[in-house]
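Asker: Just remember that our numbering sits 173 ahead of the position in the sequence shown, which is counted from 1.
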Amino acid sequence: MNAKVEQTFITTLRNWKSMSGADNADAEEAANAFEASFYIFIDAVREWFHELDPQPQTLEIFLELPLIKDIIDRLPGPLYLNFETEAELILENKHRIDDEKYD
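1. Let me know the alpha helix (DSSP H) ranges lying completely inside the segment 200-244, each 4 residues or longer, listed in chain order.
2. For L262, tell me which candidate among P229, G250 and P239 has the shortest Cα-Cα distance.
3. Can T181 and A217 be called in contact, C-beta distance under 9 Å?
4. Along the chain, where does the alpha helix (DSSP H) that runs through E265 open and close?
5. Among P239, F214 and Y212, whose alpha-carbon lies nearest the alpha-carbon of F225?
6. According to DSSP, is R187 helix, strand or coil?
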């Protein structure tokens, strides 16, 4: 796996676990840390994607790439749809505006 993608993915998973186990006092801080790490991870995937030659042209092909399959295998189920949505934006070369990010 690409080192930057792997590092940011591990951080995202760690923050997901922290957020899932956070009590009410720490919930907002944990959620913010998770959200920030998720988008840093997505940016790392985007950078990796732009280095591919040739780049996949469909979501189906993108999701079958070995690195992406590894991510999906390790991704918590509730995050799959968010990841797939971000993958579509990567393929379309679009960036999510902060207001459109998941809350």
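Every residue gets a Cβ at the ideal spot worked out from N, C-alpha and C, and that includes glycine.
Answerer: By the coordinates alone:
1. Taking only runs of at least 4 residues, the alpha helix (DSSP H) segments lying wholly in the segment 200-244 are 200-224 and 232-237.
2. P229
3. A217 sits close to T181, with the two beta carbons spaced by under 9 Å.
4. Looking at the DSSP string, E265 is not in any alpha helix (DSSP H), and its letter there is neither H nor E.
5. Note on residue identity: the sequence assigns Leu, not Phe, to residue 225. Of the candidates P239, F214 and Y212, the one whose C-alpha sits nearest the C-alpha of L225 is P239.
6. helix
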